[in-house]
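Engineer: Here it is: the structure, laid out below.
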Amino acid sequence: MASLLRRSETRSLTRLCYLDPMIVFAYGSLMYEPELPSAILERRPARLVGHSRRFNKRSRSRGCPLHNAPPGPGVPGFVDGDLRLSLVLGTVPGGHMDGLMLRYDPAHAPKALAQIERREGAAYLRTEVEIHVSDGTSSGALAWLTNPRSPLLVELEPMDQAAILRAATPIQDVDGRARGAHYLLGVQRALAKLQTPDPGIDALVEELRTVQRR
């Protein structure tokens, strides 16, 4: 398994997916909203060293229609027509982050890969990484890390992040997809289940509660 991403570079990644289990490192919504969950053979806590989480990507797909958004004008720069844009997780260099190793059935790996690629889009770069798994082993894996050249990349203070997430939280759930504050809380819950809390996520949840009380 550890050699998954270290074989001959002449073999395409798609071909590898047919021959070997595809291993994904999930650190955000993929932890609790994975693609093709029925095709996941194994889930284990894992750690990626060299990258940390950051709410640094502007998102339409996780945004909230104005008619279903909390009262108020929204956050400048995060309103587009009848949609309030939201923020989602990306990464920054340095540190480490805990998450979930997802090992896919080889027969379904190509479809899972295509769905994850479509979901993450150009704002992320599919990257071959090494992760440290909770059973004491290391493994090659795929992680979708922030594309530093993406026009959707933003750097904001936690208070502003919390305000954006609050403004993009739907009053009523529409399609079961986590948006706004629900996205943040979903990440926190997923990490709590793994018993690997992220101080940055916990601090942002507290900031969100402060904003909600105003």
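Be aware that the sequence shown starts at 677, since it is given in my numbering, and climbs by one per residue. In this text, a Cβ means the ideal position worked out from N, Cα and C, and glycines have one as well.
With DSSP as the reference, please indicate the residues paired to V700 in a beta bridge.
Structural biologist: Translated into positions along the sequence shown, residue 700 becomes position 24. Beta-bridge pairing links V700 to L778, L818.
Engineer: Just reading off the beta strand (DSSP E) that H858 is part of, what are its end residues?
Structural biologist: Start at 1 with the first residue of the sequence shown, and residue 858 comes out as number 182. Going by DSSP, H858 is part of no beta strand (DSSP E) but of the alpha helix (DSSP H) stretching over 857 to 870.
Engineer: Alpha carbons only, please: which of K787, L880, I840 is nearest the one belonging to S735?
Structural biologist: In the sequence shown, counting from the first residue as 1, residue 735 sits at position 59. Among K787, L880, I840, the Cα nearest to that of S735 belongs to I840.
Engineer: Between which two residues does the beta strand (DSSP E) containing V850 stretch?
Structural biologist: In the sequence shown, the residue the question calls residue 850 occupies position 174. Taken as a continuous stretch (DSSP letters only), V850 belongs to no beta strand (DSSP E), as it is neither H nor E.
Engineer: Quick check: what's the CA-CA separation for I807 versus S728?
Structural biologist: On the sequence shown, residue 807 is found 131 positions in, with the first residue counted as 1. On the sequence shown, residue 728 is found 52 positions in, with the first residue counted as 1. Those two C-alpha atoms are separated by around 13 Å.
Engineer: Since K787 contacts V764 with CB under 8 Å, what's their CB separation in whole angstroms?
Structural biologist: If you number the sequence shown from 1, residue 787 lands on position 111. If you number the sequence shown from 1, residue 764 lands on position 88. With 8 Å as the limit, K787 and V764 do not qualify as a contact, their Cβ atoms being about 23 Å apart.
Engineer: Mapping the DSSP letters down to three states, classify H743 as helix, strand or coil.
Structural biologist: Translated into positions along the sequence shown, residue 743 becomes position 67. It is helical.
Engineer: In three-state DSSP terms, what is E804?
Structural biologist: On the sequence shown, residue 804 is found 128 positions in, with the first residue counted as 1. Reduced to three states, the DSSP call for E804 is strand.
Engineer: What do you get for P846, buried or exposed, if any count of 16 or more other CB atoms within 10 angstroms of its CB means buried?
Structural biologist: The residue given as residue 846 occupies position 170 in the sequence shown. P846 should be labelled buried.
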